[in-house]
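K.L.:
Residue numbers (this note's numbering): 15 to 110. Ideal Cβ positions, reconstructed from N, Cα and C, are used throughout, including at glycine.
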């Protein structure tokens with residue numbers, strides 16, 4: 015009797031706690047060689063100068079819900095050492 019009550023309680027908790035799950039997908043970078051900071055954050059400051067990169071990628075142009083990705087990256091060395099600082103802003107839109 016007690017085992018049956020535990021099973022029913024667990025089943026009720028499972029059924030009542032069901033929620034909609036929405037997964038996330040990483041943006042697709044087909045030409046990542048133009049912006050290595052997106053793939054490897056340790057690249058920040060590696061070029062020795064301040065770098066500003068702006069990328070746009072559209073796929074299946076003309077179709078509703080076509081994927082579109084924009085990326086802005088800025089990175090620069092800091093001081094005289096081998097230290098760099100950078101940031102990247104990504105806007106990835108998929109679907110209507």
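(1) CB residue 107 to CB residue 85, shorter than 8 Å?
(2) With distance defined between alpha-carbon atoms, name the residue in 47, 46 and 63 nearest to residue 90.
(3) For residue 41 and residue 83, I'd like the C-alpha separation in whole angstroms.
(4) From the DSSP output, which residues share a beta bridge with residue 107?
(5) Curious, which full-length beta strand (DSSP E) runs of at least 3 residues does the segment 20-72 contain?
P.N.:
On the basis of the coordinates in this document:
(1) Taking the C-beta atoms as reference points, residue 85 is found no nearer than 8 Å to residue 107.
(2) Here the closest residue by C-alpha is 63.
(3) Going by the C-alpha atoms only, they are around 7 Å apart.
(4) According to DSSP, which records beta bridges pairwise, residue 107 is partnered with 82.
(5) Listed in chain order, they are 65-72.
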